Every structure is written in structure tokens, then in C-alpha cells.
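**Student:** Once you've had a glance at the structure underneath, I'll fire off some questions.
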Amino acid sequence: MKIAVFGATLQAAVMSALWAETGHQVYWCQGLEETCAPGLTLDTQLLELLSRQKHLGNLKETSLSSLKEDIDVYFFGFNPSCFQEALDIVQHLSRQPIIHPKLMINGSTFGLKGTASLQKILAKDAWVYLPDMIQEGKSAESFTHSREVVIGIDEKYYDFAQIQTRELLRPFFPLSQQYLFMPILDAEFTKLSISGMLATRISYMNDLAQVAEKLHIDIENVRLGLGADSRIGSSYLQPGVGFGGDNFSRDILTLSETMSSSGTNSRLLQQVWEINEQQKEILFRKLWNYYCCDLQGKTVAIWGAAFKENTSSTINSPVHTMLEALWAQQVTVKLHDPAALPDLENYYGKREDLILCRNPYEAVQDAHALCLMTAWKAYWSPDYSRLKQLMAHPMILDGRNIYDPAYVRAQGFAYEGVGRI
Amino acid sequence: MNQNIQQTSEFPKNMPAYQKLEQLAEALKAQHLNDLFKNEPDRFNDYSIHIEQLTFDYSKHRVNQDVMEQLVALAEQQKLPEWIHALFSEQEINYTEQRAAMHWALRLPENEVKHADLAAQVHEQLQRMYGLVEKIHAGQFRGATGEVIRDVVNIGVGGSDLGPLMTSYALGDFKVQSRRSLGVHFVSTIDGSQLSDLLHQLRPETTLFIISSKSFSTIDTLSNAQTARQWLEKELGQHPHILKSHFIGVSTKPEKMTEWGIVPENQLLLWEWVGGRYSLWSCIGLPIALTIGIEGFKQFLGGAYTVDRHFQEAPLHKNIPVLMALLGVWNSNFLEIQTHAILPYDGRLKYFASYLQQLEMESNGKSVQRNSERVNYNTCPIIWGEVGPNAQHAFYQLLHQGTQAVSCDFIAPVKRYNANQFTYIQNAEALVEQHHLALSNCLAQSRLLAFGNAALNQEESAQLPIYKQYEGNQPSSTLLLQELNPFSLGMLIALYEHKVFVQSVIWNINPFDQWGVEKGKQIANELLPILNRQQENISQLDASTQGLIKVLLGQYYG
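Protein chains in written order, with my numbering: chain Z, 601 to 1021; chain E, 228 to 785.
In C-alpha cells form, the structure reads like this:
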């Protein structure tokens, strides 16, 4: 089939690559405006996939105006902030001589009834909502490896839409029981609810970690025990310095706003958000305590700025909260990240109290503490004697609980994790 | 020239103007406000002044041009212009405490040339205060555990409480949105009732206390501070850095703050030349700045500075604080009206009357002249009041039909709910209507008080039984602010400050001391050991106090 993909989200990239790879002809039209196409952070696997398909000619990057009318499927994958652009494109299509109905797939998270507002303009087409469940870092896999796929379908042209959708996704979801068809609004709410549930698990663990610390309980044991229960499972139970990222955070906020404006006095998600915001500066609080409320003039090393490993994005990353807190106490920060330094440099510009380091050991030179904020693989087994030699004071704050407290302490370091004893 | 102005002050009754005014009063007493308005139909134009965002209407006072002329003459004979000059200098006009009274310096602009040293001194402390405000608003002021401060409790009493409380409350609509929501609370009472109420709602980890005491020895404040400290230490342990992270001090006494445990960077200073009841413009105003933000606080100071200029520059007969004072003198000394009610038609000015009670009564509630002679005339009247619309359901009955003569200040903002503030925006439309309701009540009441039955329709009033009739003839001023904002409130407060000063000049008393409140504190200190059972012998006390002490100690079962 000929598929037009609009938008510059990770989902748009993944779908373009996967559809091209499975034999479709894909025309990827990233967007009209610069602001809606910020530099995408693509993982290596996806980048390779994309360039191979481009090379083979299955994937063509194009512009809206040069798009032909013989497209079978239109896919919309926009950032939530680019709703207006999506509207413009839908409006443009409504003026084209297209034979209706065509399959229109919305993947953008425009909140509840977001798909419906696009559908209003192209009412003669078959509309489908494919929730964006792509995870940064291992983007293509996160789609193809999912067990089931949630699809919202509008009543109008239901059969047509269902058949077309199954055909498009058949290479990834061969079994009919892998499709969860439901009304679009339900699917939109499901999408937000999934993010909400994951966030709740994280904040729940972080809340427990704080208590565990006070009661002298090792949260790591608790985490493993929880994960062993088949009703719970082990994902999203890792305590740490909090979740970040663009889409995930936005989902929580959208859902939380939806819930609080529904008049049901639902406050759970606000708490989840609040706990996460507090968690972002937990390492600061530990430092503050360790140094008896006086950090003025100290130097702190930070390892990791990306909101999670294998991405260069620092959107809503705990590192920002941490930097602000440290700077407010006149602390100089020396920071290393394998991928996110350009992002940070862009964001903060040059300042005397932020030294970006190309080498992790350069960052710890003369530092009064080392804060680990992102669990990049490269940080898992540092050279402790070198650290000890370089640092002004041997202290490690482990914001992702990647170290073994006993081992680190045995190397002569003060160690603080999140809920570790 | 002014070094001896205090000795040249004279007994006001000997002034020629004083005697003329007494004669005029005889004639005026026979006239009703209705007559005055008949004689001078254009009274509003002739008896009102506008400056900046403020209108002062005094046409509903029982005065005519002769009276106003003589009142101004009285002020001149009392050397008011020289006194104003002395106030705005570094002279020690508070002679009983050998201090200057330079609260005006607190609102000098940063680049002021005439008093450059003072301005520099003042702005140094303001900048330090702004730094703290910024840190708190940014969510970067940390408690001992590293958590962000979410609640600030101002512990102070008198001037360290009433001014900041009144102003913060009045400017609630201008609350700035801080990074995390911030609660500002006030604690003053010596018995700890407000504090105990607060402590069980707050978390020690996220609570910051401001200990605000000019002398840093006020027992009311220190006892509350001590309780707060114990509350914190119980939860967080006893470390010096607990005090550092949870207490800010505002005082003239850095050494006492240090001794108490407040670290130097959390010490904000004021000066002996600021009276407590004039101190809200200094760092004592920290809770105000925390509420309305740094820009708001600058506006607030700017409003007061505007009035400082007006007070120094406007001719006496066009000078609002001078007129406010002279009308007060006229009412109190010549028309024998011994109480003055403050009636704001704006719920935000809820604490304005109690603030003015301190400002006026602590300043001018004196009976000894600067030459140490007793006065034989009235000085400060009883100041009282309440938010107007609420008071209408309480004491207005007495104003309209009682036997007391009362003068009133009606205060109202012209516009309200017009600034799209997040605090009220959602209900602005309905609220604007409520404001109009308040304004119409304000006008109705001042009319009825002034004109009595004549304010009603003629036919109706002719048939009224006597108990439904209104005498009228109660004088009042009306102060209209374009809107109640930091600037206009700054103006309003400064007007009253200067009014008080002008009256003190007429009455020849020192408005800047408060010896009448000192002795009680001392006696309380003597009685405390008895109630704590550290001292047994009470035979030196009077019989009443002895009896009461026995009841308090449970030794009396009569």
C-alpha cells in the first residue's frame, strides 16, 4: 500500500521504518513548521533501519505539496503540542480530490477527543486511533514486541477500517486475538491510563523507598519481592530520581488535568506527579543532609543528564531540578553524559557553575560528591581507586540504585542510594 | 534652626486661631450638615482633593471656609511647616527616647541624592530581604532535611504583626504565584493560641519562621519563638543547622539574634530610628514581600513615597494628611466628638481598623506636652471600626440613632476584580456586581449619616414615627482609591501616618514614644515567678491581686 506519514515523533519514524521494511511504499512528510519538527532522538537500531529503507527507496521523505492523491493510508504522528499543524494538514487534505473513504490513522496523543477533532474535518474517511506506546531507547522493538495492540476504531466505516488496519499490522501482530479493538475515546483514555499506571508504580516505589530508609529496610529486597509476585511483575518498580521524558510526563499531566476537571475529586495522579517532582531532587536533599545544610562553594559531579539511558533527550529530566537546586546553593557542577551534553549546552548556554566534561573521570576531579542520575551502562563499574584519588571527598550518591552499597563502602566511599541501607 | 523647635512649642489653647475656632464652633454647632450643603451647593468641588490614584472628599464635615482657614492658621501657629521639615531630617524629634523618627527614609528611592547615605543603608537591607524572597519564591529555600519551604510563619506582635498582617491580607489579590504554593501565616498572641492552632497543621520540615522584633526582647514574640523552636527540634533534632534553615530574624539587635541562634545571613536589620508601628516599610515587611513579591513591595514603597512628597510639598490647605488631621482636631477639640470610626467598604481591609488603632492611639494617646505640662484639651479620640458592610449589621444602629457623636472615614476602591488576577478571575463577573453592591452601601450610609431624614424622600420622612427617624449630622470623610493595589495602599497608610504626626504637632505631644505600654510588661515579669511558684510571698500586693492569684494557684475555694 502507499502510506503517507505526517509528523516528526518517534512513533512516526518507527511506523515509517517498519511499514517500509514490510513492503509498503512510505512517504514521510515530517511537518510544515520548524517548531513542530525538533531534532528527533533516534536510537542506532532505528537509524539504521531508516537509512536502509531510504536507500532501498521504500521510504521517501517528501513534502505535503508534492504528495500524490493515490495514497491508501494516512498516518498522523504529531507531538502533542503540534495540534494546530495536524489540523492544517487535515484541512489541506480535505481540499484534495481524494476518493473516500481512506484509512486515517491518528497516533498523536492530543488528549481525549483529539482524534475526533481531526475526524470532523475529514468526516468521509475511516478513522482509527493507534496509541503511541513507543519507548525511547529501543523504539522499534517496543512496538513489534508488544503482545497485543490497542486500536480505537470509529463506528462509521468500522469494517473497512478494521480490515485495513489488520492488513497493515499483520507482519507484527499475526494473531487475531492480538487486536484489542474499542471505540476511539476508550483507546485514548487507555493510552493515558497506561502512562498513569506506570507513573504510579514508580512513585509508589519512590514513596516506599523513603519510608524504607527511615525504617532501615533495603528497598532492593522489597523490589525483588514485589516483582516475584506474578500479579505485579517486575517492570517499573525501580526506585530512583524520578521519571522524565517528553511524552510520558505530558501524558501524566494531561490525564491528571482531565481527572481533576471532571469534578470527581480524584487526586491520586496529582500526588504521583508531586512525588516524582520531589524525587527529582532527592540526591540534593541527601547531599544537603550530609554536608549539614551548607553546600556553598562545593563542587558536585553528576554522571548522566538524559532522562534515561540510551537517549540524548533531557526533557523533564531530573537533572534540571538537580542543577537548579545545586546552583541556588552556589555549588559548581561538573557533568558528564555520553549523549546529552549538546542538549544541556543548548539549554543553559555558558555558565561558570556548569562544567560539561567529555570524560566521566574529568567530572569527578575535586568533587565533594558524585551523583549518578542516569543508568548508562558505562557507569555501572567505575574505577573506584581512580575516583577516590580524584575526588575531594569520596562520596557516591546513586540515583538509580545501580551499585552494590556494600562493595562501594568497602572501597572507602560514603554511599547513599534511593532506599538502600 | 530646628534644633530647638521642641522648646519653642506652645500650648495650643493660647493660639489666636484656637480661640477663633472656639467661637466658630459655637456657630457651627447650631448648623446641620443640610444647612451647610444648602449654603454651599458645590461643596464637593470645594472640599475634595485628588492625588494620583486617590480622592479625598471631606465635604461631609461640619466645616465652612472660615473654619478651614482658621484650622490652617492653627497649624501654622503651631509651626507645622517647621515640624514637617524636622520630621524629614535626622533630628531626634522623639525626644523622650532620644531618637529620630525617620520611617520616611524606608521608602526613599535607591538613587535619592538628598539622603544618599540613608537610602544606601535602607536599600542594602531591602536587597538582602529581596534575596531571601527570591529564594523562597523560587522554591530554593531549604529546611534542614533539604525539603523546600512551603509555609512561612511570622512571629511578631504590635508593629511587627499588625502592619504586615493588615497589608498582606489587604493585598491578597496581588499574591504572586511562587514555584510551589507558599502559605504565609501570622502568630502574635502571648498565650500561644494562634501558634498551637498552626503547628498541628504544618510540617516542621517545610516551615520557616520569621522572628520579627525590633528589640528582640519582646516576651510575647520570644515565647512563641521558643515554642516553635522546640516543635522543630522535637522532630528534626537539636543541631545548629536546624536554626539556620528554619529561622529568619528581623531586628535592630544583631547580637541578640546571634545569641538566639539566628545565623548572620538570615538576619535582617532595621534601625532605632524606625518606630515599631512605622516599621512595615522595612524588613519587618518581609511577609508582605512574600505575599505580593518584590515588584509589588517596591510599588508599595512607591505609594508611600508619593505621599511623603505630597505631604512636604503641597500647601497646607491642599495637603491631604494635614486636612485629615485638622478635621480630626476640629471634631475632637471643638465639636466634642470623641470617637472616630474607620469603615472600609472592602473586605480586604479587614485589619485596617486595628492597624490604625495602634498607629493613632499608641502615637497620640498621650496627655503630657513636649514642655512636660499636662494637656487640658482632648488628644487622640477612640479609634475603632470594622469592614463597613459587616458593621452595618452590628454597630451602625448606634451611629444613626444613638446618643454618641461619631466621625467616620469611609474607604472604598473604585474598581475591583479588574486585573485578571488568578485568585479571582474565574468568578470576576459576579464579584464585580458584589463590589457595586458594597459601593452603593458605602454611599448610602455616608449620606444617611450626614443628612438624616433629609436623605430620604420628603413624603416618606414626614410620615415616619419618631423611632424611625434619623438625626443625621454625623460628619465623615470618604477616601476613594482607583483600586486597592500595593501602590494605593502604600499611599493610604502613609496618609494616616502623617495625619497622626500633624495632630501630634497641634496637640504638642510626642507621637513616637509609648511609655504607657512599658510598665505593664515589667509588672508582668514580677508576677510570673509567683504563678510559677518560685516565689511564695505575695503580701506586698493589693488585696484584689492577692485574691486573684490565690484562685489561679488553686488555693482559694470560696
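The beta-carbon is built from N, C-alpha and C at its ideal position, and this holds for glycine as well. Here the structure is a predicted model, which is why all the values come from computation and not from measurement.
(1) Please confirm whether Pro177/E and Ile638/E have their CB atoms less than 8 Å apart.
(2) Taking all protein chains shown into account, decide if Tyr979/Z is buried (16 or more other Cβ within 10 angstroms of its Cβ) or exposed.
(3) Okay, do the stretch 740-747 of chain E and the stretch 348-364 of chain E touch, 3+ Cβ pairs below 8 Å being the bar?
(4) Please report whether the beta-carbon of Arg369/E lies at a distance below 8 Å from any beta-carbon of chain Z.
(5) Which residues in the same chain as Asp293/E place their Cβ atom closer than 8 Å to its Cβ, once the five residues preceding and following it in sequence are excluded?
(6) Which of the three DSSP states is assigned to Ala637/Z in this structure?
(7) Please tell me whether Ser439/E and Val477/E are closer than 8 Å, where the distance is taken between their beta carbons.
(8) Within 10 angstroms of its Cβ, does Gln230/E collect 16 or more other Cβ (buried), or is it exposed?
(9) Between which two residues does the beta strand (DSSP E) holding Tyr948/Z run?
(10) Distance check for Asp829/Z and Arg801/Z, CA to CA, integer angstroms please.
(11) In chain order, which continuous runs of the alpha helix (DSSP H) of length 4 or greater are located wholly inside the stretch 702-767 of chain Z?
(12) For chain Z, is any of its Cβ atoms less than 8 Å away from the one on Ala365/E?
(13) Please confirm if the stretch 374-394 of chain E is in contact with the stretch 497-511 of chain E, defined as three or more CB-CB distances below 8 Å between the two stretches.
(14) Compare the C-beta of Gly1017/Z with all C-beta atoms of chain E and state if any pair is closer than 8 Å.
(15) Run through DSSP, which three-state label would Ile817/Z get?
(16) Would you mind telling me which residues of chain Z sit closer than 9 Å to Lys362/E, beta carbon to beta carbon, in chain order?
(17) Along the chain, where does the alpha helix (DSSP H) containing Gly476/E start, and where does it finish?
(18) Report the option in Asn737/E, Lys545/E and Thr416/E whose CA atom is closest to the CA atom of Asp273/E.
(19) For Tyr984/Z, which residues from the same chain have a beta carbon less than 6 Å from its beta carbon, with the 5 sequence-adjacent residues on both sides left out?
(20) Please state whether the Cβ-Cβ distance between Asp943/Z and Thr709/Z is less than 8 Å.
(21) Say whether chain E places a C-beta atom closer than 8 Å to the C-beta of Asn889/Z.
(22) For Val1008/Z, collect the residues of the same chain with a Cβ closer than 7 Å to its Cβ; drop the 5 residues on either side in sequence, then sort them by chain order.
(23) Mind listing which residues of the stretch 875-887 of chain Z have their C-beta closer than 7 Å to chain E's C-betas, in chain order?
(24) When Cβ atoms are compared, which residues of the stretch 403-426 of chain E fall closer than 7 Å to chain Z?
(25) With 16 other CB atoms within 10 Å as the buried threshold, where does Arg823/Z fall?
(26) Thr566/E bridges to which residues according to DSSP?
(27) Go to Tyr245/E, then tell me how far its alpha helix (DSSP H) extends in each direction, as first and last residue.
(28) Give the residues of chain Z in contact with Ser472/E, contact being defined as C-beta atoms less than 8 Å apart.
(29) If I'm right that Leu779/E touches Val556/E with Cβ under 8 Å, what's the distance once you round it to whole angstroms?
(30) Any beta-carbon of chain Z closer than 8 Å to the one on Thr518/E?
(31) Under DSSP, the beta strand (DSSP E) around Met356/E begins and ends at which residues?
(32) Let me know the secondary structure DSSP gives Asp378/E once reduced to three states.
(33) Can you pull the chain Z residues whose beta carbon is under 9 Å from the beta carbon of His468/E, in chain order?
(34) Check whether the Cβ atoms of Ile603/Z and Asp672/Z sit closer than 8 Å, and answer yes or no.
(35) Looking only at DSSP bridge pairs, what is Pro571/E linked to?
**Tutor:** Taking the geometry as given:
(1) No information on residue 177/E is available, as it lies outside the stretch 228 to 785 that chain E covers here.
(2) As a first step, residue 979/Z is located in the first sequence; it is residue number 379 there, counting from the start. Its Cβ being crowded by 16 or more others within 10 Å, Tyr979/Z is buried.
(3) no
(4) Mapped onto the second sequence, residue 369/E falls at position 142. Chain Z contact via Cβ: present.
(5) In the second sequence, counting from the first residue as 1, residue 293/E sits at position 66. Answer for Asp293/E: Leu251, listed in chain order.
(6) Looking up residue 637/Z in the first sequence gives position 37. Residue placement at Ala637/Z is poorly supported in this model, since its pLDDT is 49, which falls under 50; the coordinates are not used for a value here.
(7) As a working mapping, residue 439/E is identified with position 212 in the second sequence. As a working mapping, residue 477/E is identified with position 250 in the second sequence. Their beta carbons are under 8 Å apart, which means Ser439/E touches Val477/E by this criterion.
(8) Numbered from 1 along the second sequence, position 3 holds the residue referred to as residue 230/E. At Gln230/E, the pLDDT of 49 sits below 50, so the modelled position is not reliable; the number obtained from the coordinates is stated separately. The residue in question, Gln230/E, is exposed, as its Cβ has fewer than 16 Cβ neighbours within 10 Å.
(9) Here residue 948/Z is taken as the residue at index 348 of the first sequence, counted from 1. That residue, Tyr948/Z, is in no beta strand (DSSP E); its alpha helix (DSSP H) goes Leu941 to Tyr948.
(10) If you number the first sequence from 1, residue 801/Z lands on position 201. If you number the first sequence from 1, residue 829/Z lands on position 229. Computed Cα separation, rounded: 14 Å.
(11) 714-719 and 739-744
(12) Counted from its first residue, the second sequence places residue 365/E at position 138. Yes, Ala365/E counts as interfacial toward chain Z.
(13) yes
(14) As a position in the first sequence, residue 1017/Z is number 417, starting the count at 1. Output row for Gly1017/Z: interface = no.
(15) Here residue 817/Z corresponds to residue number 217 of the first sequence, with the count starting at 1. Coil at Ile817/Z, not helix or strand.
(16) Here residue 362/E is taken as the residue at index 135 of the second sequence, counted from 1. Near Lys362/E (Cβ distances below 9 Å), the residues of chain Z are Ala928.
(17) Your numbering for residue 476/E matches position 249 in the second sequence. Counting along the chain, Gly476/E falls outside any alpha helix (DSSP H), though it belongs to the beta strand (DSSP E) covering Phe474 to Ser478.
(18) As a working note, residue 273/E is residue 46 in the second sequence. Measuring from the Cα of Asp273/E, the nearest candidate turns out to be Lys545/E.
(19) Here residue 984/Z corresponds to residue number 384 of the first sequence, with the count starting at 1. For Tyr984/Z, where only same-chain residues beyond five positions count, the Cβ hits under 6 Å are Gln1011.
(20) As a working note, residue 943/Z is residue 343 in the first sequence. As a working note, residue 709/Z is residue 109 in the first sequence. No, Cβ-Cβ distance for Asp943/Z and Thr709/Z is not below 8 Å.
(21) Stepping through the first sequence from its first residue, residue 889/Z is reached at position 289. Chain E contact via Cβ: present.
(22) Counted from its first residue, the first sequence places residue 1008/Z at position 408. Same-chain partners within the cutoff: Ile996 and Tyr1015.
(23) Phe884 and Arg885
(24) none
(25) In the first sequence, residue 823/Z corresponds to position 223, counting from 1. By the neighbour-count rule (16 or more Cβ atoms within 10 Å), Arg823/Z is buried.
(26) Here the question's residue 566/E lines up with position 339 in the second sequence. In the DSSP output, where bridge partners are listed per residue, Thr566/E has Ile609/E and Val633/E.
(27) Counted from its first residue, the second sequence places residue 245/E at position 18. Note, Tyr245/E: alpha helix (DSSP H), Pro243 to Lys256.
(28) Translated into the one-based positions of the second sequence, residue 472/E becomes position 245. Residues of chain Z passing the Cβ test: Cys893.
(29) As a working note, residue 779/E is residue 552 in the second sequence. As a working note, residue 556/E is residue 329 in the second sequence. Not confirmed; about 44 Å, so no contact.
(30) Taking the first residue of the second sequence as 1, we reach residue 518/E at position 291. Cβ-Cβ to chain Z under 8 Å: no for Thr518/E.
(31) Taking the first residue of the second sequence as 1, we reach residue 356/E at position 129. Careful: Met356/E lies outside any beta strand (DSSP E), inside the alpha helix (DSSP H) at Ala343 to His364.
(32) Within the second sequence, the letter at position 151 stands for residue 378/E. Looking at Asp378/E - three-state DSSP - the assignment turns out to be strand.
(33) Here residue 468/E refers to the residue found at position 241 of the second sequence. Under the 9 Å cutoff, chain Z gives Cys892, Cys893 and Asp894.
(34) Here residue 603/Z corresponds to residue number 3 of the first sequence, with the count starting at 1. Here residue 672/Z corresponds to residue number 72 of the first sequence, with the count starting at 1. A contact, by the Cβ cut-off of 8 Å.
(35) Numbered from its first residue, the second sequence carries residue 571/E at position 344. Answer is Ile638/E.
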